[in-house]
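Peer 1: Note that the sequence shown ends on residue 128 in this note's numbering; no numbers are left out. Note that CB positions come from ideal geometry on N, CA and C, so glycine has one too. If you scroll down you'll find the structure; I have some questions about it.
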Amino acid sequence: MLNNYQHFYSRTLSDFRDNSLYNRLKREGLTPFDIREIVGKLESLLLDKDINIYPIEKELSKEEDKELDYSIIARYKDNDIAAYNHDLWAIEYIKELRNKRVTKLEKAKAIFLTCDLNLVKYNFCA
């Protein structure tokens, strides 16, 4: 999503929803160059704030994983087993890291960030 900012940068603030990321970036005066710099430094910026990034140690596959339930996510996303696996493994890993249900973001041991609204819908229904 951040990489697409360069395509929308020339638009005016009124072209964006008030609560959108692009609106915020534009109001902050950030250019596409600034965003590329931030993305390039993102991992080190997060580590400086004691925020870790955990890669998923599974080989992305187009084969169904017998341990995953595809029935709910299939209602929200296109039919692509590899994409389902990526998303479901990430969600399961976050649940494992948390080790309990979280009701306040501040108390979460781990979070999964996404701009995929279909995945957000899935996660709330799962």
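With DSSP collapsed to three states, give me the class of glutamate 61.
Peer 2: For the purposes of this step, residue 61 is taken as the residue at position 59 of the sequence shown. It is coil, neither helix nor strand.
Peer 1: Within the continuous alpha helix (DSSP H) that includes arginine 100, where are the two ends?
Peer 2: In the sequence shown, residue 100 corresponds to position 98, counting from 1. That run of the alpha helix (DSSP H) goes 83-100.
Peer 1: When the cut-off is 8 Å and only beta carbons count, does leucine 90 lie next to chain C?
Peer 2: Structure shown: chain C not included; a single protein chain is present.
Peer 1: For aspartate 80, which of helix, strand or coil comes out of DSSP?
Peer 2: Your numbering for residue 80 matches position 78 in the sequence shown. Coil, per DSSP.
Peer 1: Should leucine 121 be labelled buried (16 or more other beta-carbon atoms within 10 Å of its own) or exposed?
Peer 2: Indexing the sequence shown from 1 puts residue 121 at position 119. Label assigned to leucine 121: buried.
Peer 1: Three-state secondary structure (DSSP) at glycine 42?
Peer 2: For the purposes of this step, residue 42 is taken as residue 40 along the sequence shown, with counting starting at 1. Of the three classes helix, strand and coil, the one that applies to glycine 42 here is helix, per DSSP.
Peer 1: How many Å lie between valine 104 and glutamine 8 at the Cα?
Peer 2: Counted from its first residue, the sequence shown places residue 104 at position 102. Counted from its first residue, the sequence shown places residue 8 at position 6. One C-alpha to the other measures close to 35 Å.
Peer 1: How many whole angstroms separate the CB atoms of tyrosine 86 and isoleucine 96, which I take to be in contact at a CB cut-off of 8 Å?
Peer 2: By one-based count along the sequence shown, residue 86 stands at place 84. By one-based count along the sequence shown, residue 96 stands at place 94. So it is not a contact: roughly 16 Å between Cβ atoms.
Peer 1: Use the C-beta contact count for tyrosine 24: other C-beta atoms within 10 angstroms, 16 or more gives buried, fewer gives exposed.
Peer 2: Here residue 24 refers to the residue found at position 22 of the sequence shown. Buried: at least 16 other Cβ atoms inside 10 Å.
Peer 1: With DSSP as the reference, label phenylalanine 35 as helix, strand or coil.
Peer 2: Translated into positions along the sequence shown, residue 35 becomes position 33. Phenylalanine 35 falls in the helix class under three-state DSSP.
Peer 1: Can you name, in chain order, every residue of its own chain whose Cβ lies under 8 Å from the Cβ of isoleucine 37, other than the five neighbours on each side?
Peer 2: The residue you call residue 37 lines up with position 35 of the sequence shown. Correct list, in chain order: Leu4, Asn5, Tyr7, Gln8, Leu27.
Peer 1: When the Cα atoms are used, what is the spatial distance from glutamate 30 to leucine 15?
Peer 2: For the purposes of this step, residue 30 is taken as residue 28 along the sequence shown, with counting starting at 1. For the purposes of this step, residue 15 is taken as residue 13 along the sequence shown, with counting starting at 1. C-alpha separation (whole angstroms): 11 Å.
Peer 1: With distances taken from CA atoms, which of Ala84, Cys117, Leu119, Tyr78 is nearest serine 63?
Peer 2: If you number the sequence shown from 1, residue 63 lands on position 61. It is Ala84 whose Cα lies nearest to the Cα of serine 63.
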